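For reference, the structure discussed in these notes is given below.
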Amino acid sequence: MQTELNREIPLEELLRQLAVSADEHQPASPVLIKQIDDRWNALLSRYHHLTQQTNSAR
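Right, here's the structure in full:
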């Protein structure tokens, strides 16, 4: 999973691209929206997994 996350465009960069579209009053690319959704979900999943591990260790 970590390798997969490292190969992908960082979420911050995808959000910057979305902001550029918004600033230019252009509709966001459906591909960009999907990439953001996928990255967000992957990060949330990883965060949840780590918090579960941390809480179990207590």
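Counting along the sequence shown from 1, when you hit position 2 you're at 2 in our numbering, and nothing is skipped either side.
All C-beta atoms, glycine included, are put in the ideal place defined by N, C-alpha and C.
Everything numeric in this text was worked out from a predicted model, so none of it was measured.
- Using DSSP with H/G/I as helix, E/B as strand and the rest coil, what is Ser29? It is coil, neither helix nor strand.
- Taking C-beta to C-beta, are Leu67 and Trp40 nearer than 8 Å? For the chain, the structure presents residues 1 to 58; residue 67 sits outside this window and is missing.
- How many Å lie between Ser56 and Leu50 at the Cα? Roughly 10 Å between the two C-alpha positions.
- Message: I need the straight-line Cα distance from Ile33 to Glu8, nearest angstrom please.
- Response: 15 Å
- Please state whether DSSP places Arg58 in a helix, a strand or coil. coil
- Query: Using the C-alpha atoms, what's the distance from Ser21 back to Ala28?
  - Reply: 6 Å
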